[in-house]
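Line by line, the protein sequences give chains A and B. Under the numbering used here, the letters of the first sequence match residues 6 to 168, in that order. Under the numbering used here, the letters of the second sequence match residues 10 to 130, in that order. Beta carbons are placed, not taken as given, at the ideal position from N, Cα and C, and that holds for glycine. Inspection log for the structure reproduced underneath, given as structure tokens.
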Amino acid sequence: MTNKSSFDLNNLNPLQLNSLKEQISTEYQKYRQSYTQLLEIKSLYSNTLFSLESLQPENLNQPILAPLTESLYLPGKLTNVKSVLTDIGTNFFVERSVEDAQEYFKRQTKIVEEKAQEVLKTMKQNEESLKAVNTVLERKVYQQQRKTMQQQQQQQQQKVLKK
Amino acid sequence: MNTDFEKELRQLTIFQNEIKKLQTGQIDIVTKLNESKFVLQELKLLPKTAKVYQLVGPTLLEVTLNEAKENVENRLDLLGKEEKKTLEIIKETQQKHDKKKNELIAFQRKLMQPKNVPKKK
Chain A
6 MTNKSSFDLN NLNPLQLNSL KEQISTEYQK YRQSYTQLLE IKSLYSNTLF SLESLQPENL
66 NQPILAPLTE SLYLPGKLTN VKSVLTDIGT NFFVERSVED AQEYFKRQTK IVEEKAQEVL
126 KTMKQNEESL KAVNTVLERK VYQQQRKTMQ QQQQQQQQKV LKK
Chain B
10 MNTDFEKELR QLTIFQNEIK KLQTGQIDIV TKLNESKFVL QELKLLPKTA KVYQLVGPTL
70 LEVTLNEAKE NVENRLDLLG KEEKKTLEII KETQQKHDKK KNELIAFQRK LMQPKNVPKK
130 K
């Protein structure tokens with residue numbers, strides 16, 4: 006969507022630099038959002054792994070409370086400690102053994118971690134370009150201010166001379 | 010002259026809004042596409058003895074591994090075609106938008122010209 010061609014920032018006037026700054030900031034917000042989402046998914050996976058640990062053969066026939074609705078639970082017995090259904094997306098579920106499921110979630114956590122690292126890297130690059138744009142913008146604004154001040158001084162001197 | 014200009018300007022903003030809408034739709038399609046690719050990958054890793062279930066409404070139905078793979082592959086095809094179509098539409102609308110913009114710029118220049126004439130002394 007954005008053309009990160011290496012054009013010279015010095016060729017842009019302050020107005021263009023400002024809009025570029027806004028563009029980079031909105032991009033940064035989006036990246037940050039994806040990063041937090043990925044971290045959430047990662048913690049979800051670690052919670053799942055934790056719950057899977059309680060599905061051990063020694064817990065067979067243990068009493069459990071199965072949720073029927075958000076506020077209604079049904080007492081029951083844990084009868085299946087061997088297989089679980091894992092949601093792989095787009096409404097598909099796969100029946101796996103507890104060990105396979107644990108492996109699956111560990112694999113997923115790794116993938117999510119890698120993606121999160123990528124997003125973090127892009128965020129850093131984004132920060133750097135924002136800094137660069139800001140420095141050039143400040144310099145230009147300062148130059149412009151000095152120019153207007155000098156012009157004002159010159160005008161005043163001319164007025165004095167004319168008198 | 011001014012009302013004509015305003016009409017053309019409004020057309021331009023309509024094009025811009027259309028492009029934005031199409032682009033958000035495109036993002037949706039791409040996310041669905043990626044999700045389906047991921048599911049297919051997972052299905053391919055499964056041994057032939059694995060049991061696969063599909064959530065259809067409130068019911069969980071058992072499907073064979075091949076059925077599930079076919080299902081996801083068909084979905085990928087459809088999504089791919091949709092993505093190509095939307096890309097084309099976006100390109101077309103972008104071209105119309107750019108053409109309209111150039112027309113507006115030429116129009117603006119014409120409007121500016123009569124003002125310059127009286128300044129020449």
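Could you compute how far the alpha carbon of residue i sits from the alpha carbon of residue j?
| i | j | result |
| --- | --- | --- |
| B/K108 | B/I28 | 14 Å |
| B/A115 | B/Q122 | 11 Å |
| B/D37 | A/E119 | 23 Å |
| B/E17 | B/K94 | 27 Å |
Could you check where the alpha helix (DSSP H) with residue i kicks off and where it finishes?
| i | result |
| --- | --- |
| A/K47 | P19 to E58 |
| B/E15 | N11 to L54 |
In this structure, does DSSP put residue i in helix, strand or coil?
| i | result |
| --- | --- |
| A/L183 | A query on residue 183 of chain A cannot be resolved here, the shown segment of chain A reaching from 6 to 168 and no further. |
| A/E100 | strand |
| A/M6 | Caution applies to A/M6, whose pLDDT of 38 falls short of 50 and renders its modelled position unreliable; the model cannot decide the point. |
| B/L85 | helix |
| A/L79 | strand |
| A/Q61 | coil |
Can the beta-carbon of residue i be found closer than 8 Å to that of residue j?
| i | j | result |
| --- | --- | --- |
| B/E44 | A/G81 | no |
| A/F110 | B/V61 | no |
| A/K145 | A/L25 | no |
| B/K41 | B/L96 | no |
| B/L70 | B/L55 | no |
Just checking residue i against the ligand ADP - is the residue's beta carbon closer than 7 Å to any of the ligand's heavy atoms?
| i | result |
| --- | --- |
| B/I36 | With respect to the ligand ADP, the structure offers nothing, as it holds no ligand at all. |
Taking buried to mean at least 16 other C-beta atoms within 10 Å of its own C-beta, is residue i buried or exposed?
| i | result |
| --- | --- |
| A/I29 | buried |
| A/A71 | exposed |
| A/L65 | exposed |
| A/Q157 | exposed |
| B/A77 | buried |
| B/E51 | buried |
| A/V138 | buried |
What residue range does the beta strand (DSSP E) around residue i cover?
| i | result |
| --- | --- |
| B/L64 | K60 to V65 |
| B/L69 | T68 to V72 |
| A/L90 | S88 to G94 |
| A/L70 | P68 to P72 |
| B/K57 | That residue, B/K57, is in no beta strand (DSSP E); it is neither H nor E in DSSP. |
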